[in-house]
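Numbering (the working numbering), first residue to last: 35 to 180. Backbone N, C-alpha and C fix where the C-beta goes; we use that ideal spot for every residue, glycine too.
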């Protein structure tokens, strides 16, 4: 009976994932998908609520214990902004988080820097590079020069 109930629950979860595509399971733990983060970022940023998004991300950073720094809600939301071409908003989010005492992983800065370079946005890339040094990411800068 218990095995039957577990199978039914698993089946329902699979159907939910297929229909909604906002939740995935990883080692039996429900996790938001990239689609969820895109919807989250769009909802807040299109309504001009960057501060509220930052507050949400701060709370998520403090409550969540991702397996790696690159798997946090902040990283996912910033990467979504970058993929949507919202580089200014991604930069604003990084700044707001930094002002709140939370530093994103170096991979986020690297992704934004690459996006700035791809778009030929030299002043913004230069500004971000200055922040790399101040935040102690000089090893990344050295690696990017080679």
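Backbone secondary structure at residue i - three-state DSSP
| i | result |
| --- | --- |
| residue 155 | coil |
For residue j and residue i, believed in contact at Cβ under 8 Å, the rounded distance
| i | j | result |
| --- | --- | --- |
| residue 94 | residue 112 | About 13 Å separates the two Cβ atoms, so there is no contact after all. |
| residue 127 | residue 88 | 7 Å |
| residue 155 | residue 118 | Residue 155 to residue 118, Cβ: 16 Å. No contact. |
| residue 116 | residue 138 | Not quite, the Cβ-Cβ distance comes to about 12 Å (not below 8 Å), so this is no contact. |
| residue 114 | residue 142 | Between residue 142 and residue 114 the Cβ distance is about 11 Å, and since that is not below 8 Å, they are no contact. |
| residue 131 | residue 108 | 6 Å |
| residue 84 | residue 136 | Wrong, their Cβ atoms sit about 15 Å apart, outside the cutoff. |
| residue 68 | residue 110 | 7 Å |
Buried or exposed (CB count within 10 angstroms, at least 16 for buried), residue i
| i | result |
| --- | --- |
| residue 77 | exposed |
| residue 48 | exposed |
| residue 75 | buried |
| residue 39 | exposed |
| residue 45 | exposed |
| residue 134 | exposed |
| residue 70 | buried |
| residue 37 | exposed |
Beta strand (DSSP E) runs wholly inside the region 60–148, at least 3 long, in chain order: 63–66
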